[in-house]
Amino acid sequence: MAEIRTLHDAVAELIHDGDTVAMEGFTHLIPFAAAHEVIRQGITDLTVVRMTPDVVYDRLIGAGLVRKLVFSWGGNPGVGSLHRFRDAVENGWPRTLELDEHSHAGMANRYVAGASGLPFAVLRGYRGSDLATRTDTVSTVTCPFTGEELAAVRALNPDVTVIHAQQADRDGNVQLWGLTGVQKEAALAAKRVLVTVEEIVDVLEPRPRGIVLPGWVVTAVAHVPGGAHPSYAAGYSVRDNDAYAAWDAVSRDRDAFRAWLKDHVYDGSEPR
Amino acid sequence: MTTDATAPAGSPGAPEAGWTSDELMTVNAARALSGARTCFVGIGLPSTAANLARHTANPGLVLIYESGTLGSKPTRLPLSIGDGELADTADAVVSVPEIFNYWLQAGRIDVGFLGAAQVDRFANINTTVVDRGPGRPEGRLPGAGGAPEIAANCGRVLMVLRHSTRNFVRRLDFTTTVGHGTGPGDRERLGLRGAGPTAVITDLGILRPDPETAELVLTDLHPGVTVGQVRAATGWDLRVAADPVTTAPPAEAELATLRALKAAGRSAA
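Chains as they are written, first to last, in our numbering: chain E, 1 to 272; chain R, 273 to 541.
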C-alpha cells in the first residue's frame, strides 16, 4: 500500500541523482509542486520524460538539473517558445541538454509498451519523417502476418513517475478525472510512483471519466493542495493562463529566471 | 506570435481595412471545413478556424483534440489543447494513447488541421529545427507534437499559416511531417493512407496540390491581393493556376462570430 508522506520526504526517498523521471499530465494535472521540490533538493543529472515539457520542465532545465530530455512537443501552449529549453539546446546554458525526440503518437505508445511489460510498441508513424534519423529509439518492424512494415518504438520504463491527482484515500488509492492524458500508462510503466493530490478523503467516490490507480501500484502519496498550479485540477482549480503568458518574459532572460526561482522556489513559498 | 497582424488601410488583403489579413485567412480556413464530419484540431490558427467553422460553415463539425476530447463544443477559444472547457463540453473524453491509436491511427477522422513553421512546395512541414547559418547552432522549434501521424492518418489535411518567404521555403531544414514527399506516389510508397494536404490557406490566398505533380499551385487569391504579391512571399518559383479565383470577402456574420470568439477567449484568459 502506498504510504502517505510529506512532499519533501516523498521526493527525497523516491527520486535520486541520475534517475529517469517522468512527470506527466497533458496540460491538466501537471505536478508542478513536486518539480519545485526536486529543484529545492537539487536532485540532478536527471533524464526527464514528458510528451510536452511545458513550463514545468523549462524550470527544471533552467535550474541545471537535467542531462537529457525525452519529449514530443516543447512549446509554451498558446504562448510561444520555452526559452530555458531553447537556451539549453541552442547555447548549452546552464549545461548541454541531450534530446530524444519523438511524435506524440510515438511517446504515447512508448508508455503503453512500458506499462504492458513489452520491449517495444508498434504504430503507423514516423514514415518519411527525419525524426527517426536523430534517435535510436525508433525503428521498423515487419508484420509477421501481412508483411507490412510498421514503426517500432522502444518501451519507456522510468525509474520514477510523478503525477498529480484530485484525490487519494488513506490507503493510497488514487483517483483522477477530466483529461487523464497518459498518466495511467506512465505510472504503470515506472518502477516507483509518486502521486501528489488535492485532497485526501475517507472514501473515494467514483467519478465520471475517472480512473483509479490502486494503492498497491503507488509508492507514495503526498497531500499538496494546488500542487498543479499554474496547470489545474478539474473540480478544484482552473488553468492559470495568465501565469503561462507571464512565464514568457521571465524565462527569456537568464537573470530574471534565476530571480524568479529564488523568490518562488528556493525560498520555499510552497507547502513542504 | 499569437497577436493579429492588422493590415493597414490599402495594404494587400484589406482593401477597405474592413478586416485584417489574419481574419481573411481564418475565415477562409473555416470555410474549407464545409462538408467535413470530423476534424483533428491543432492549437493556434487551426483551432480558431475550426471553432469558427462550427459556428458558421459547419455547425455539426465534430472537433477532436489530441488531449483526448471527442466532440468538444467550446464557447470561447481555448488557449491550450488541454483547457478544461474542451473536456467539459465533449461527447467523450479518452486517454492520449486511445486518441492516437483507436481514433486517429485507425483512420476514423476526416480532416487533420495543422499549422506549420516551414512548408515546402510539396506541402511537407518542418516544426523541429531551423538552420541559422554556418557557425551558428540550429534554431529550436517546438517539435512534432501530433502532426506526423495526423498528416499520415486523417482522410485529408488542411494547413493554415501566414505567407512569407520565411515560412514558404525552397528546401526544408528538417522534415518533421510528410505532406506529399518528393511528389506523386510518395505517400503510397511510404504507406501513408490518407490523401495528404489538399489545401494550404494563408493570409494572401489558397494553394492546392496539382493533381498530376502534387506540387502546390496558387488557385485562390484573397480580395485585393495580386499574384505578384504571393509569388514574392514564396521562397520557390510558385506556379499559378491558369485563372485563379478570388475568395469571397468575409461576410458580416463570419467576422462578427470570429471577433466574438476571440473576445470571449481573451476575457476568460
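Virtual Cβ for every residue (Gly too), placed ideally from N, Cα, C. All values derive from a computational prediction rather than experimental measurement.
Cβ atoms of R:Phe-440 and R:Val-512: under 7 Å apart, would you say?
-> Along the second sequence, one-based indexing puts residue 512 of chain R at 240. Along the second sequence, one-based indexing puts residue 440 of chain R at 168. Not a contact, by the Cβ cut-off of 7 Å.
Check R:Glu-357 in the structure and name its three-state DSSP category.
-> Working through the second sequence from its first residue, we reach residue 357 of chain R at position 85. Residue state, collapsed to three classes: helix.
Which whole-angstrom value is the C-beta distance of E:Gln-41 and E:Val-66, which I expect to be below 8 Å?
-> Within the first sequence, residue 41 of chain E is the residue found at index 41, counting from 1. Within the first sequence, residue 66 of chain E is the residue found at index 66, counting from 1. At roughly 14 Å, the Cβ-Cβ gap does not stay under 8 Å, so E:Gln-41 and E:Val-66 are not in contact.
Using 8 Å as the threshold, is the segment 136 to 146 of chain E in touch with the segment 194 to 213 of chain E, meaning 3 or more CB pairs across them?
-> no
Looking at the C-beta of E:Asn-173, does it have a partner C-beta in chain R at a distance below 7 Å?
-> As a first step, residue 173 of chain E must be located in the first sequence, where it is residue number 173. Not an interface residue.
Does the separation of the CB atoms of R:Gly-451 and R:Ala-395 fall below 7 Å?
-> Working through the second sequence from its first residue, we reach residue 451 of chain R at position 179. Working through the second sequence from its first residue, we reach residue 395 of chain R at position 123. Yes. Within cutoff.
Inter-residue spacing [alpha-carbon to alpha-carbon] between R:Gly-307 and R:Ala-329 | Taking the first residue of the second sequence as position 1, residue 307 of chain R is located at position 35. Taking the first residue of the second sequence as position 1, residue 329 of chain R is located at position 57. Cα to Cα, the separation comes out at about 9 Å.
Going straight from the alpha carbon of E:Asp-100 to that of R:Pro-346, what length do you get?
-> Against the first sequence, residue 100 of chain E aligns to sequence position 100. Against the second sequence, residue 346 of chain R aligns to sequence position 74. Straight-line measurement puts the Cα of R:Pro-346 at about 34 Å from the Cα of E:Asp-100.
Using a Cβ-Cβ distance under 7 Å, would R:Gln-377 count as near chain E?
-> For this step, residue 377 of chain R is matched to residue 105 along the second sequence. So yes, R:Gln-377 belongs to the interface.
Is the distance from the Cβ of E:Ala-186 to the Cβ of E:Tyr-111 below 7 Å?
-> Your numbering for residue 186 of chain E matches position 186 in the first sequence. Your numbering for residue 111 of chain E matches position 111 in the first sequence. For E:Ala-186 and E:Tyr-111, yes; Cβs fall inside 7 Å.
Contact set between the segment 419 to 447 of chain R and chain E, restricted to residues whose Cβ is under 7 Å from the partner | So the list reads Pro-420, Glu-421, Ala-424, Asn-425, Phe-446, Thr-447, given in the order they occur along the chain.
Determine, using beta carbons only, whether E:Tyr-244 and E:Val-79 come nearer to each other than 7 Å.
-> Position 244 of the first sequence, counted from the first residue, corresponds to residue 244 of chain E. Position 79 of the first sequence, counted from the first residue, corresponds to residue 79 of chain E. In this structure, E:Val-79 lies closer than 7 Å to E:Tyr-244 by Cβ.
Are the CB atoms of E:Asp-159 and E:Thr-20 nearer to each other than 7 Å?
-> Counting from one through the first sequence, the residue named residue 159 of chain E turns up at place 159. Counting from one through the first sequence, the residue named residue 20 of chain E turns up at place 20. Result yes, Cβ atoms of E:Asp-159 and E:Thr-20 sit closer than 7 Å.
Based on Cα-Cα distance, which residue from R:Trp-508, R:Ile-397, R:Val-499 lies nearest to R:Asp-515?
-> As a first step, residue 515 of chain R is located in the second sequence; it is residue number 243 there, counting from the start. The residue with the shortest Cα to Cα distance from R:Asp-515 is R:Val-499.
Beta-carbon separation of E:Thr-27 and R:Ser-367 under 7 Å?
-> As a first step, residue 27 of chain E must be located in the first sequence, where it is residue number 27. As a first step, residue 367 of chain R must be located in the second sequence, where it is residue number 95. No, they are not a contact pair.
Counting along the chain, where does the beta strand (DSSP E) carrying R:Thr-491 start and finish?
-> Numbered from 1 along the second sequence, position 219 holds the residue referred to as residue 491 of chain R. Run containing R:Thr-491: 488 to 493, per the beta strand (DSSP E) assignment.
At a cut of 8 Å, does the segment 406 to 425 of chain R reach the segment 87 to 95 of chain E through at least three beta carbon pairs?
-> yes
Closer than 7 Å by C-beta to E:Asn-76: which residues in its own chain qualify, once you throw out the five before and the five after it? Chain order, please.
-> The residue you call residue 76 of chain E lines up with position 76 of the first sequence. Around E:Asn-76: Val-55, Leu-82, Tyr-244, Trp-247, Asp-248.
R:Ala-279 versus R:Gly-496 - alpha carbon distance = Counting from 1 along the second sequence, the entry for residue 279 of chain R is found at position 7. Counting from 1 along the second sequence, the entry for residue 496 of chain R is found at position 224. Low local confidence applies: a pLDDT of 42 at R:Ala-279 is under 50, so the model's placement there is unreliable, with the coordinate-based value given in what follows. Roughly 12 Å between the two C-alpha positions.
Under 8 Å by beta carbon: chain R residues contacting E:Asp-130 | Working through the first sequence from its first residue, we reach residue 130 of chain E at position 130. Simply Thr-400, Phe-446, Thr-447, Thr-448.
Can you say whether E:Pro-206 is buried or exposed, counting buried as having 16 or more other CB atoms within 10 angstroms of its CB?
-> Here the question's residue 206 of chain E lines up with position 206 in the first sequence. Per the 10 Å Cβ criterion, exposed.
Between the segment 173 to 204 of chain E and chain R, which residues of the former have a C-beta closer than 8 Å to a C-beta of the latter?
-> Gly-178, Leu-179, Thr-180, Gly-181, Val-182, Lys-184, Glu-185
Backbone secondary structure at R:Ala-286 - three-state DSSP = Here residue 286 of chain R refers to the residue found at position 14 when the second sequence is read from its first residue. Confidence is the limiting factor: at R:Ala-286 the pLDDT is only 47, short of 50, which leaves the residue's position unreliable and the question unanswerable from this model.
What did DSSP end up calling R:His-452 once you bin it into helix, strand or coil?
-> Counting from 1 along the second sequence, the entry for residue 452 of chain R is found at position 180. Residue state, collapsed to three classes: coil.
Residue ranges of each alpha helix (DSSP H) within the segment 278 to 343 of chain R, 4 or longer | 293 to 303, 317 to 327
Cβ of E:Glu-198 within 7 Å of Cβ of E:Gln-175?
-> Taking the first residue of the first sequence as position 1, residue 198 of chain E is located at position 198. Taking the first residue of the first sequence as position 1, residue 175 of chain E is located at position 175. No, the pair does not count as a contact, with Cβ atoms beyond the cut-off.
Helix, strand or coil at R:Gly-393 [DSSP, three-state] | Position 121 of the second sequence, counted from the first residue, corresponds to residue 393 of chain R. At residue 393 of chain R the sequence reads Arg, which differs from the Gly that was named. Of the three classes helix, strand and coil, the one that applies to R:Arg-393 here is coil, per DSSP.
With a CB to CB cut of under 7 Å and the five nearest residues on each side skipped, what residues in its chain are close to R:Gly-384?
-> Within the second sequence, numbered from 1, the residue matching residue 384 of chain R stands at position 112. Excluding residues within five positions, the ones whose Cβ falls inside 7 Å are Phe-312, Ile-422, Ala-423, Cys-426, Val-429.
Counting only beta-carbon atoms, is E:Arg-275 nearer than 7 Å to chain R?
-> Coverage of chain E is limited to positions 1 through 272, which leaves residue 275 of chain E absent and any answer about it impossible.
If we call anything under 7 Å between Cβ atoms a contact, is E:Gly-128 one with E:Ala-151?
-> To locate residue 128 of chain E, count along the first sequence from 1; it is residue 128. To locate residue 151 of chain E, count along the first sequence from 1; it is residue 151. Result no, Cβ atoms of E:Gly-128 and E:Ala-151 do not sit closer than 7 Å.
Which residues of chain R have a Cβ atom closer than 7 Å to the Cβ of E:Thr-277, listed in chain order?
-> Nothing can be reported for residue 277 of chain E, as the shown portion of chain E is limited to 1 through 272.
Reduced DSSP category for E:Arg-5 - H, G, I as helix; E, B as strand; rest coil | Residue 5 of chain E sits at position 5 when you count from the first residue of the first sequence. Here E:Arg-5 sits in strand by DSSP.
Can you list the residues of chain R that E:Asn-91 reaches, using a CB-CB cut of under 8 Å?
-> One-based indexing of the first sequence puts residue 91 of chain E at position 91. Correct list: Pro-409.
Determine the closest residue to E:His-102 out of R:Gly-415, R:Gly-332, R:Leu-296, with distance taken between C-alpha atoms.
-> The residue given as residue 102 of chain E occupies position 102 in the first sequence. Ranking R:Gly-415, R:Gly-332, R:Leu-296 by Cα distance to E:His-102 puts R:Gly-415 first.
Are any of the Cβ atoms in chain E nearer than 7 Å to that of R:Gly-537?
-> For the purposes of this step, residue 537 of chain R is taken as the residue at position 265 of the second sequence. False, the Cβ-Cβ gap to chain E never drops below 7 Å.
Compare the C-beta of E:Gly-125 against all C-beta atoms of chain R and say whether one is closer than 7 Å.
-> Position 125 of the first sequence, counting from 1, holds the residue named residue 125 of chain E. For E:Gly-125, the answer is yes, since a Cβ of chain R falls inside 7 Å of its Cβ.
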